[in-house]
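By the count of the numbering used here, the sequence shown reaches residue 758 at its end, each step adding exactly one.
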Amino acid sequence: MKKICKLIFSRLFIVVLGMAIQFFWLLNLLYRFSYHFTFVNLGLRILAIIIALRIVSRWMNPSYKLAWTFIILMSPVLGLLIYFVFGRSELTKRTKVKLARVHEEIVPLLVQNPDYQKELEEIDPIVASQSAYLSDWAQFPVYKKTATEYYPCGEEMFPKMLEAMEGAKEYIFLEYFILEYGIMFDRVIEVLERKVKEGVDVRLIYDDVGCVTTLPANFYVDLQKKGIKCAAFNPFRPVLSIIMNNRDHRKILVVDGNIAFTGGINIADEYINKKERFGYWKDTGIRLEGEAVWSFTCMFLEMWNYITHSTEDYLRYRPKELSELPFRTDGFVQPYGDTPLDKENTSENVYMNIINKARRYVYIFTPYLIMDQELLISLCNAAKCGVDVRIITPGIPDKKMIYLLTQADYQRLIENGVKIYQYTPGFLHAKCFVSDDAIATVGSINLDYRSLYLHFECGVFLYQSDAVMQVKKDMEETMAQSEQVTLEFCRHRALPIRLMQSVLRLLAPLL
Numbered sequence: 248m249k250k251i252c253k254l255i256f257s258r259l260f261i262v263v264l265g266m267a268i269q270f271f272w273l274l275n276l277l278y279r280f281s282y283h284f285t286f287v288n289l290g291l292r293i294l295a296i297i298i299a300l301r302i303v304s305r306w307m308n309p310s311y312k313l314a315w316t317f318i319i320l321m322s323p324v325l326g327l328l329i330y331f332v333f334g335r336s337e338l339t340k341r342t343k344v345k346l347a348r349v350h351e352e353i354v355p356l357l358v359q360n361p362d363y364q365k366e367l368e369e370i371d372p373i374v375a376s377q378s379a380y381l382s383d384w385a386q387f388p389v390y391k392k393t394a395t396e397y398y399p400c401g402e403e404m405f406p407k408m409l410e411a412m413e414g415a416k417e418y419i420f421l422e423y424f425i426l427e428y429g430i431m432f433d434r435v436i437e438v439l440e441r442k443v444k445e446g447v448d449v450r451l452i453y454d455d456v457g458c459v460t461t462l463p464a465n466f467y468v469d470l471q472k473k474g475i476k477c478a479a480f481n482p483f484r485p486v487l488s489i490i491m492n493n494r495d496h497r498k499i500l501v502v503d504g505n506i507a508f509t510g511g512i513n514i515a516d517e518y519i520n521k522k523e524r525f526g527y528w529k530d531t532g533i534r535l536e537g538e539a540v541w542s543f544t545c546m547f548l549e550m551w552n553y554i555t556h557s558t559e560d561y562l563r564y565r566p567k568e569l570s571e572l573p574f575r576t577d578g579f580v581q582p583y584g585d586t587p588l589d590k591e592n593t594s595e596n597v598y599m600n601i602i603n604k605a606r607r608y609v610y611i612f613t614p615y616l617i618m619d620q621e622l623l624i625s626l627c628n629a630a631k632c633g634v635d636v637r638i639i640t641p642g643i644p645d646k647k648m649i650y651l652l653t654q655a656d657y658q659r660l661i662e663n664g665v666k667i668y669q670y671t672p673g674f675l676h677a678k679c680f681v682s683d684d685a686i687a688t689v690g691s692i693n694l695d696y697r698s699l700y701l702h703f704e705c706g707v708f709l710y711q712s713d714a715v716m717q718v719k720k721d722m723e724e725t726m727a728q729s730e731q732v733t734l735e736f737c738r739h740r741a742l743p744i745r746l747m748q749s750v751l752r753l754l755a756p757l758l
């Protein structure tokens with residue numbers, strides 16, 4: 248009874264109820280008009296055809312086009328209403344203008360060192376082309392003079408995060424999709440509150456939808472009283488005009504411009520296994536120390552200034568002594584961000600370039616395997632060409648319907664030579680690639696439509712860094728704890744499950 252009362256009076260329930268009432272009222276109104284007035288029904292059908300044609304002609308993923316066209320033409324009244332409320336796969340024009348203004352301030356600060364590019368070209372022209380893509384098209388330069396350390400689980404990374412924050416002298420920037428009160432977040436708040444009293448500039452960005460079930464609506468008020476500056480990305484309100492597709496899914500911690508952390512780890516107890524939800528929670532992260540941290544500082548400040556409608560002198564957050572500090576050169580390190588602001592699918596292109604240019608192997612961690620045709624073909628073609636392609640997914644799902652969709656392409660992948668493993672101890676939330684003992688990427692980007700096309704994301708591209716072999720070792724150890732999926736498993740699934748997977752495939756871009 249307590250749980251039911253808590254749910255009824257929760258912020259999520261109130262918001263969803265408000266939106267549902269509005270939605271069904273409009274739906275009922277449209278059906279009534281279309282039933283009683285023939286011209287309205289005809290007009291809606293004509294409008295449905297026009298909208299479907301417009302969707303087909305737009306610059307967007309073909310899977311989105313198919314899904315929306317099917318829904319709109321199958322049921323014009325319901326389909327049009329759903330599309331106008333939830334169908335935008337990109338930001339509004341006003342939002343684009345605001346983000347573009349802030350982004351223009353950041354780009355001149357992310358300057359590529361030509362010596363690094365030249366050195367990389369001499370070592371490996373193929374890797375240099377991948378790096379050049381990130382530098383030229385995503386505007387994120389490659390660095391050296393940066394030490395890396397990879398963490399195979401949240402409980403190993405968390406003490407290092409606390410240690411870095413404890414040592415802050417100037418500022419601490421945090422940007423996370425999920426925050427939830429508990430052992431992990433309470434400890435973070437304790438440190439941040441103490442650092443504020445020492446004069447450290449502390450700022451926190453959180454995604455409002457990501458935190459809608461974990462934080463109260465007035466959460467930021469308490470933190471601001473403690474001197475911690477807060478900003479919520481795209482607040483969740485009970486109105487149908489809301490555009491909820493685009494979320495801030497990044498995980499970033501920056502301390503004094505010298506140290507940065509990223510990966511799949513949010514600030515909630517399951518990420519450090521202090522709370523069990525779906526067996527053991529397997530996640531990963533990476534620590535950078537050195538000049539590459541500047542890209543993460545810029546990413547954070549860009550988002551902060553967009554949300555708070557502010558501007559500032561970015562260079563004051565770049566450590567003046569950074570170039571003089573004796574940072575150990577640990578290969579080439581290239582942080583990158585992805586945004587739905589542009590038509591450049593940076594994250595997907597990074598992943599596809601790694602797959603397409605692999606010579607010996609590609610190992611992948613992903614919690615969700617919901618891909619478009621291009622990624623699917625790249626994986627199959629790599630395996631057909633003799634590359635050892637292995638994908639590790641969860642053994643215990645966090646969302647059962649999405650888990651069925653993740654398993655929907657197993658058979659095709661396995662038939663083409665890709666090996667699939669399910670992590671039996673629990674839920675795998677990590678997002679990593681490693682290839683040929685030389686290349687890796689660690690970040691927040693899932694192999695699903697939302698991460699690849701709709702969310703703000705981030706990652707780190709690594710070449711010849713210590714972290715590369717650390718990622719490989721972790722993947723090999725994780726595979727040893729996993730069960731390899733067989734063709735028999737795929738072919739002998741119950742008919743209702745196969746039918747459900749077929750429907751889910753069609754709607755995958757909308758889930």
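The C-beta atom is built at its ideal place from N, Cα and C for all residues, glycine as well.
*Would you kindly work out how many angstroms separate the C-alpha atoms of Lys416 and Val609, rounded to a whole number?*
40 Å
*According to the Cβ coordinates, are Phe432 and Ile514 closer than 8 Å?*
yes
*Just reading off the alpha helix (DSSP H) that Ser378 is part of, what are its end residues?*
Pro372 to Trp384
*asked:* Taking contact to mean 3 or more Cβ pairs, one atom from each stretch, closer than 8 Å, check whether the segment 697-714 and the segment 368-381 are in contact.
replied: yes
_Taking the alpha helix (DSSP H) that Arg341 belongs to, which residues open and close that run?_
Lys340 to Ile353
*asked:* Considering only the alpha carbon of each residue, which of Pro587, Val597 and Ala677 lies closest to Val344?
replied: Pro587
*Which term fits Ala314, buried or exposed, when burial requires 16 or more other beta carbons within 10 angstroms of its beta carbon?*
buried
*Alpha carbon to alpha carbon, what distance is there between Ile430 and Leu562?*
35 Å
*When we look at the beta-carbon of Arg738 and count the other beta-carbons within 10 Å, is it buried (16 or more) or exposed?*
exposed
*asked:* List, from N- to C-terminal side, the beta strand (DSSP E) runs of 3 residues or more that fit wholly inside the segment 535-596.
replied: 579-585
*Take the Cβ of Gln581 as the centre, count every other Cβ of all protein chains shown within 10 Å, and call the residue buried at 16 or more, exposed below.*
buried
*Under the three-state reduction of DSSP, which class applies to Glu445: helix, strand or coil?*
coil
_Cβ-based burial, Val354 [other Cβ within 10 Å; buried from 16]_ = exposed
*Tell me whether the beta-carbon of Phe703 lies closer than 8 Å to the beta-carbon of Asp495.*
yes
*Report the rounded CA-to-CA distance for Ala299 versus Ile602, giving the unit in angstroms.*
34 Å
*asked:* Among Glu427, Asp516 and Arg659, whose alpha-carbon lies nearest the alpha-carbon of Leu616?
replied: Arg659
*Ignore the nearest five residues each way along the sequence and tell me which others in Glu422's own chain have a CB closer than 6 Å to its CB.*
Ile452, Arg497, Ile499 and Phe547
_I need the straight-line Cα distance from Asn520 to Leu699, nearest angstrom please._
27 Å
_Using a Cβ-Cβ cutoff of less than 8 Å, which residues in the same chain neighbour Ile475 once the five nearest sequence positions on both sides are dropped?_
Ile436, Leu439, Glu440, Val443, Val449, Arg450 and Leu451
*Could you tell me whether the Cβ atoms of Leu751 and Met618 are closer together than 8 Å?*
no
_Quick check: the Cα distance between Arg534 and Thr576, rounded to an integer number of angstroms?_
14 Å
*Since Gly401 is in the alpha helix (DSSP H), which residue starts that stretch and which ends it?*
Gly401 to Glu413
*DSSP state of Ala741, grouped into three classes?*
coil
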